[in-house]
Amino acid sequence: MAEPWYQAPETRRENSMDLRRRIQVIGVLVLMALTLVLVVYTLMTTP
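Residue numbering for the sequence shown follows the UniProt record's numbering, beginning at 1 and increasing consecutively.
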């Protein structure tokens, strides 16, 4: 039941792609969080 990508010879390429995808997803989530914080901050500060 071992996953194939752990024993595959091209693990480095797959791992790099996985890291890039994870970094992209994290970046998008951070940008969305920052935009939400800015919107909430502006709504709270506006009278």
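By construction, the Cβ of each residue, glycine as well, lies at the ideal position given by its N, Cα and C atoms.
Note that the coordinates shown come from a computational prediction; the quantities given were computed from them, not determined experimentally.
If you draw a straight line from the Cα of I23 to the Cα of T35, it comes to about 18 Å.
Across the structure, I26 and A33 are spaced so that their CA atoms are roughly 10 Å apart. Going by C-alpha positions, D18 is about 28 Å away from V37. Looking at the backbone, the Cα of V28 and that of P47 are separated by about 30 Å.
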